[in-house]
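J.: Let me begin by handing over the structure; questions about it come next.
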Amino acid sequence: MKIKSIESFVLADKLDESFYFSQWEYAERRICIVKVTSDTGHVGWGEGYGPAGVIKAGIEHLTPFLIGMNPLETETIWSTMYRRTLDYARRGVLVASISAIDVALWDLKGKILEQPVHLLLGGKKRDFITPYATGMYYTHCNDLGDKLVEEAKLYVEMGFNAMKMKVGLSIEEDVEYVKRVREAIGPDIKLAIDSNHAYNLREAIQLANAVEQYDIAWFEEPLSPECYEQYAELRSKTTIPISGGECEYLRFGFQTLLKSNCVDIVQPDICASGGLTEAKRIAVLASVYGVELIPHTWGTGIAISAALHFVSNLDILPGRLRTPNCLLEYDRTENALREELTSTDMVMKDGKIKISDQPGLGFELNEDAVHKYALK
Numbered sequence: 009m010k011i012k013s014i015e016s017f018v019l020a021d022k023l024d025e026s027f028y029f030s031q032w033e034y035a036e037r038r039i040c041i042v043k044v045t046s047d048t049g050h051v052g053w054g055e056g057y058g059p060a061g062v063i064k065a066g067i068e069h070l071t072p073f074l075i076g077m078n079p080l081e082t083e084t085i086w087s088t089m090y091r092r093t094l095d096y097a098r099r100g101v102l103v104a105s106i107s108a109i110d111v112a113l114w115d116l117k118g119k120i121l122e123q124p125v126h127l128l129l130g131g132k133k134r135d136f137i138t139p140y141a142t143g144m145y146y147t148h149c150n151d152l153g154d155k156l157v158e159e160a161k162l163y164v165e166m167g168f169n170a171m172k173m174k175v176g177l178s179i180e181e182d183v184e185y186v187k188r189v190r191e192a193i194g195p196d197i198k199l200a201i202d203s204n205h206a207y208n209l210r211e212a213i214q215l216a217n218a219v220e221q222y223d224i225a226w227f228e229e230p231l232s233p234e235c236y237e238q239y240a241e242l243r244s245k246t247t248i249p250i251s252g253g254e255c256e257y258l259r260f261g262f263q264t265l266l267k268s269n270c271v272d273i274v275q276p277d278i279c280a281s282g283g284l285t286e287a288k289r290i291a292v293l294a295s296v297y298g299v300e301l302i303p304h305t306w307g308t309g310i311a312i313s314a315a316l317h318f319v320s321n322l323d324i325l326p327g328r329l330r331t332p333n334c335l336l337e338y339d340r341t342e343n344a345l346r347e348e349l350t351s352t353d354m355v356m357k358d359g360k361i362k363i364s365d366q367p368g369l370g371f372e373l374n375e376d377a378v379h380k381y382a383l384k
């Protein structure tokens, strides 16, 4: 059995309404997906998180080394990709190219063996995952506070028991918006905040201390991902759990994050940090340090499905009679690529998502949508 072909596509869709966060404004959704076909005719799909055109170039660079390899040998293929890029891409976007191919290979392997990926990862340890709504980005409107409150209420009506909002405009505005959202959703809904590394240490401490009273589930990326020591200091000066890791790559980057006592929650992006093969290793590393793992997820149904299978396989640590809910990021911003590219039976019902037992990652891909949105 051999890999016959690897094809990559950059998909793009202009948004009806642009939105922004502490760093940049989005006017379109753009993503790179990859299709891996075996000589048996089976197909697997993956995606990378990051600049789509650069990820596509990375996939094209790696492809000649992988054609003819056995697609079932995911670790061997991963090692080949890693060694071929080690000298000049130990971190960053080429790792996302590796990730995209690796996710596609797990999907392909599941379809060849007619087994769900969670079984191939070692078995699911939970049948249901609790998604949290990622939204409450900023838009150009007359009263941003009202808009954020209405959006938060909508997520409650949809059945979400947890959600995450953006901060990072200014400390004064952040505190006001967090206060209003908490009052709108009540005390029983988990509420996390994410600044996308907008603040320095002094500002992050000030904001954390100001919003502690609103029962914040975690403060995500409060500081630059380069400032490991500052993360550790911030943790010592707030009761809010600190999270991060979407800008880390490979188990080696996460080892630095964990050794430095930076976070209470580690957040690898499967489609950027090394794929499912490396995410398994990162999960083991996090368990050694006793740190919770909630993956960062942003993209299409391919990324969401990969994360669902991965989370279902995570060890139950610490063990106890009543196992706590395992959370998964569930982006709710406008994204036609997410809505049209895949279909799956893994949908939210009563605030939970049941893990699919379908072969591979458990989705059907709409190739008409690929042709519709692919850049020529």
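Residues 9 to 384 (this note's numbering) are what the sequence shown spells out, left to right. Using N, Cα and C, we set each Cβ at its ideal position, and we do this for glycine too.
Does the Cβ-Cβ distance between Val103 and Ala280 come in under 9 Å?
T.: Against the sequence shown, residue 103 aligns to sequence position 95. Against the sequence shown, residue 280 aligns to sequence position 272. The answer is yes: Cβ separation under 9 Å.
J.: Pick out whichever of Ile63, Arg98, Lys155 has its Cα sitting closest to the Cα of Val186.
T.: In the sequence shown, the residue the question calls residue 186 occupies position 178. Residue Lys155 is the option with its Cα nearest to Val186.
J.: Assuming Ala218 and Ile179 are in contact, meaning their beta carbons sit under 8 Å apart, how far apart are those beta carbons, in whole angstroms?
T.: In the sequence shown, residue 218 corresponds to position 210, counting from 1. In the sequence shown, residue 179 corresponds to position 171, counting from 1. The Cβ separation is near 7 Å, so the contact holds.
J.: For Thr246, I'd like the list of residues in its chain whose CB is within less than 8 Å of its CB, leaving aside the five on either flank, ordered along the chain.
T.: What you label residue 246 is simply residue 238 of the sequence shown in a count that begins at 1. Same-chain partners within the cutoff: Ile213, Ala216, Asn217, Glu220, Phe227.
J.: Does DSSP classify Arg190 as helix, strand or coil?
T.: Taking the first residue of the sequence shown as position 1, residue 190 is located at position 182. Looking at Arg190 - three-state DSSP - the assignment turns out to be helix.
J.: Tell me whether the beta-carbon of Met9 lies closer than 9 Å to the beta-carbon of Asp47.
T.: The residue labelled residue 9 in the question sits at position 1 within the sequence shown. The residue labelled residue 47 in the question sits at position 39 within the sequence shown. Contact flag set, yes.
J.: Based on the DSSP output, what are the partners of Asp339 in its beta bridges?
T.: Reading the sequence shown from its first residue, position 331 is the one you call residue 339. Thr142, per the DSSP bridge assignment.
J.: Applying the 10 Å Cβ sphere with the 16-neighbour rule, what's the burial state of His317?
T.: By 1-based counting over the sequence shown, the position of residue 317 is 309. Buried.
J.: Use the C-beta contact count for Val111: other C-beta atoms within 10 angstroms, 16 or more gives buried, fewer gives exposed.
T.: Residue numbering aside, residue 111 sits at position 103 when the sequence shown is read from its first letter. So Val111 ends up on the buried side.
J.: Evaluate contact between the segment 114-132 and the segment 59-73, counting only Cβ atoms and requiring at least three cross-stretch pairs below 8 Å.
T.: Touching, no.
J.: Between Gly176 and Val274, what straight-line distance do the alpha-carbon atoms span, to the nearest angstrom?
T.: One-based indexing of the sequence shown puts residue 176 at position 168. One-based indexing of the sequence shown puts residue 274 at position 266. Distance between the alpha carbons of Gly176 and Val274: 20 Å.
J.: Relative to the C-alpha of Ser364, which residue among Asn374, Lys357, Ala344, Asp353 is closest?
T.: Your numbering for residue 364 matches position 356 in the sequence shown. Checked all of Asn374, Lys357, Ala344, Asp353; the closest Cα to Ser364 is Asp353.
J.: Evaluate the contact criterion for the segment 261-269 versus the segment 292-308: three or more CB pairs, one atom per stretch, below 8 Å.
T.: Touching, per the Cβ criterion.
J.: Just tell me which of Thr88, Thr84, Gly54, Pro79 has its CA closest to the CA of Leu70.
T.: Mapped onto the sequence shown, residue 70 falls at position 62. Nearest of Thr88, Thr84, Gly54, Pro79 to Leu70, Cα basis: Thr88.
J.: Around the C-beta of Met144, are 16 or more other C-beta atoms found within 10 angstroms, so that it is buried, or is it exposed?
T.: Numbered from 1 along the sequence shown, position 136 holds the residue referred to as residue 144. The residue is buried, with at least 16 neighbouring Cβ atoms inside 10 Å.
J.: Taking the alpha-carbon positions, what's the Ala315 to Gly118 distance?
T.: Sequence index remark: in the sequence shown, residue 315 carries index 307 (1-based). Sequence index remark: in the sequence shown, residue 118 carries index 110 (1-based). So the two alpha carbons sit approximately 15 Å from each other.
J.: On the DSSP bridge list, what partners appear for Pro124?
T.: For the purposes of this step, residue 124 is taken as residue 116 along the sequence shown, with counting starting at 1. Answer is Gly368, bridged to Pro124.
J.: Assuming Val164 and Ile201 form a contact by the criterion Cβ under 8 Å, report the distance between their Cβ atoms to the nearest whole angstrom.
T.: Sequence index remark: in the sequence shown, residue 164 carries index 156 (1-based). Sequence index remark: in the sequence shown, residue 201 carries index 193 (1-based). Incorrect: roughly 17 Å between the Cβ atoms, too far for contact.
J.: Across which residues does DSSP place Arg243 in a beta bridge pair?
T.: Working through the sequence shown from its first residue, we reach residue 243 at position 235. In the DSSP output, where bridge partners are listed per residue, Arg243 has none listed.
J.: Per DSSP, what kind of secondary structure is Ala97 in: helix, strand or coil?
T.: The residue given as residue 97 occupies position 89 in the sequence shown. Note: Ala97 maps to coil in three-state DSSP.
J.: Pull the bridge partners of Asp21 from the DSSP assignment, please.
T.: On the sequence shown, residue 21 is found 13 positions in, with the first residue counted as 1. Answer is Arg37.
J.: Do the CB positions of Ile14 and Leu80 come within less than 9 Å of each other?
T.: As a working mapping, residue 14 is identified with position 6 in the sequence shown. As a working mapping, residue 80 is identified with position 72 in the sequence shown. No. Outside cutoff.
J.: Pick out whichever of Glu55, Thr147, Thr350, Val271 has its Cα sitting closest to the Cα of Val18.
T.: What you label residue 18 is simply residue 10 of the sequence shown in a count that begins at 1. Of the listed residues, the one whose Cα sits closest to Val18 is Glu55.
J.: Per DSSP, what kind of secondary structure is Phe260 in: helix, strand or coil?
T.: Walking along the sequence shown from the start, residue 260 turns up at place 252. Here Phe260 sits in helix by DSSP.
J.: For Leu127 and Met173, what's the separation of their Cα atoms in angstroms?
T.: Within the sequence shown, numbered from 1, the residue matching residue 127 stands at position 119. Within the sequence shown, numbered from 1, the residue matching residue 173 stands at position 165. Computed Cα separation, rounded: 34 Å.
J.: Note the first and the last residue of the continuous beta strand (DSSP E) segment covering Ile201.
T.: Reading the sequence shown from its first residue, position 193 is the one you call residue 201. Element bounds for Ile201: 198-202.
J.: With DSSP as the reference, please indicate the residues paired to Met354 in a beta bridge.
T.: Your numbering for residue 354 matches position 346 in the sequence shown. BP columns for Met354 are empty, so no partner.
J.: Which residue wins for smallest C-alpha separation from Lys43, given the options Leu23, Phe27, Tyr34, Lys64?
T.: On the sequence shown, residue 43 is found 35 positions in, with the first residue counted as 1. Residue Lys64 is the option with its Cα nearest to Lys43.
J.: Where does Tyr207 sit, in a helix, a strand or coil, going by DSSP?
T.: Here residue 207 is taken as the residue at index 199 of the sequence shown, counted from 1. Three-state result, Tyr207: coil.
J.: Helix, strand or coil for Ile213, going by three-state DSSP, please let me know.
T.: By one-based count along the sequence shown, residue 213 stands at place 205. Of the three classes helix, strand and coil, the one that applies to Ile213 here is helix, per DSSP.
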